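Student: Structure below; questions to follow.
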Amino acid sequence: MNWKKVIMINQWPKEVLERRSFLRLVNYYYKFIRSLSHIVVLLTKVLKKDQKWT
1 MNWKKVIMIN
11 QWPKEVLERR
21 SFLRLVNYYY
31 KFIRSLSHIV
41 VLLTKVLKKD
51 QKWT
C-alpha cells in the first residue's frame, strides 16, 4: 500500500479542479472499490457550481 496516496485521499480536495482530479483517481481504481457507482454519484453532485464540500 502506498501511504502517500492514502494520506492524499484523507486530505479531501477543496477546489472544483482538485475534486475532478480526485474523481479521476477514484475512477482509475474502480475494479478495487466495491459499489463505486454509488460513491461516484455523491462525488459528482459536489462538482456542481456553488456546492459546499463537507
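Okay, so the sequence shown: first residue is 1 according to full-length UniProt numbering, each after it adds one. For glycine and all other residues, C-beta sits at the position ideal for the given N, C-alpha and C. Only a predicted model underlies this, so the values are computations on that prediction, with no experimental measurement involved.
#1: In chain order, what residues of the same chain have a beta carbon less than 8 angstroms from the beta carbon of L42, not counting five sequence neighbours either side?
#2: In whole angstroms, what is the alpha-carbon distance linking V16 and K4?
#3: Please name the residue in I33, V26, M1 whose C-alpha comes closest to that of T44.
#4: Quick check: the Cα distance between I39 and E18, rounded to an integer number of angstroms?
Tutor: By the coordinates alone:
#1: Locating residue 42 in the sequence shown gives position 42, counting from the first residue. Counting only Cβ-Cβ distances below 8 angstroms, and skipping sequence neighbours, we find nothing.
#2: Taking the sequence shown and counting its residues from 1, one reaches residue 16 at position 16. Taking the sequence shown and counting its residues from 1, one reaches residue 4 at position 4. In a straight line, the C-alpha of V16 is about 22 angstroms away from that of K4.
#3: On the sequence shown, residue 44 is found 44 positions in, with the first residue counted as 1. When only C-alpha atoms are compared, the closest one is V26.
#4: Mapped onto the sequence shown, residue 39 falls at position 39. Mapped onto the sequence shown, residue 18 falls at position 18. When rounded, the distance between both Cα atoms is 17 angstroms.
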